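See structure below.
Residue numbers (our numbering), protein chains in the order written: chain A, 141 to 251; chain B, -3 to 111.
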């Protein structure tokens, strides 16, 4: 099982739609979770951290399910500007743990 | 507000040539990282520096060397470039590992082609 797995997509949705992405991780002891956004040929940018209780930032909601080892990202009222690749990122445990990036899920929002 | 700055942004090399990719951050972060990103592979960690004076190998260190010159600067060197090193290289930085929820901030990348 790969460390961090995502459906590569693309997810094609119309403006205003609600879309959700899931991501699974293999290390049950992983401590920190993030969603990053990456536009074509640009650097990844932090979208939001994912907390155990779930968290919301405007139209974006992130959830963590430790029992099933997955995190999710929900985008409501999609905008054209939401078109991007969304990277699931997991930090391990112990000592100095580095980040493991998923390969990303591509979202295309159309008019 | 510069954040993480990488130079150069684009470079074409011939096989066997050497070059150094530069990275500097102005956020007073302790930790810095070098990644490469290839189509279908996602971001892979090459080397990282947890703090000034230390460096460690990541997932794909072969063919690369790094130098943590000071707290601000972390360079990546290709001693003898190979076509397999054609990639987009990202530098990143973060607060020290004390708070595990600290994210990484990325530079805008160096697009490197090896002919």
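For each residue, glycine too, the CB sits at the ideal point set by N, CA and C. Nothing here was measured: the structure is a model prediction, and the numbers come from that model.
- Nearest to residue 34 of chain B by C-alpha distance, out of B:81, B:103, B:104, B:88, is B:81.
- Residue 7 of chain B is outside the set of residues whose beta carbon lies under 8 Å from a beta carbon in chain A.
- Only residues of its own chain outside the window of five on either side were considered, and among them 215, 247, 249 have a CB closer than 7 Å to the CB of residue 222 of chain A, listed in chain order.
- Only exposed fits residue 150 of chain A, as fewer than 16 other CB atoms lie within 10 angstroms of its CB.
- Just measuring C-alpha positions, the residue of A:198, A:251, A:225 sitting nearest residue 182 of chain A is A:225.
- Residue contact with chain A for residue 39 of chain B: present (Cβ-Cβ distance below 8 Å to some residue of chain A).
- Among the residues of chain A, those whose CB is under 9 Å from the CB of residue 104 of chain B are 182, 183, following chain order.
- Rounded to the nearest whole angstrom, the CA to CA distance from residue 243 of chain A to residue 174 of chain A is 13 Å.
- What residue 86 of chain B touches in chain A, judged by beta-carbon distance under 8 Å, is 183, 184, going in chain order.
- In the three-state reduction of the DSSP assignment, residue 154 of chain A falls in the strand class.
- In the DSSP assignment, residue 165 of chain A falls within the beta strand (DSSP E) that extends over 159 to 165.
- Using a Cβ-Cβ cut-off of 9 Å, residue 161 of chain A is close to nothing in chain B; its nearest Cβ partner there is about 15 Å away.
- At least 8 Å separates the beta-carbon of residue 65 of chain B from that of residue 85 of chain B.
- By the rule that beta-carbons nearer than 8 Å mark a contact, residue 198 of chain A does not touch chain B.
- By the Cβ-count criterion, residue 74 of chain B is buried, with 16 or more other Cβ atoms from all chains shown falling within 10 Å of its own Cβ.
- Taking 8 Å as the CB threshold, residue 49 of chain B stays off the interface with chain A.
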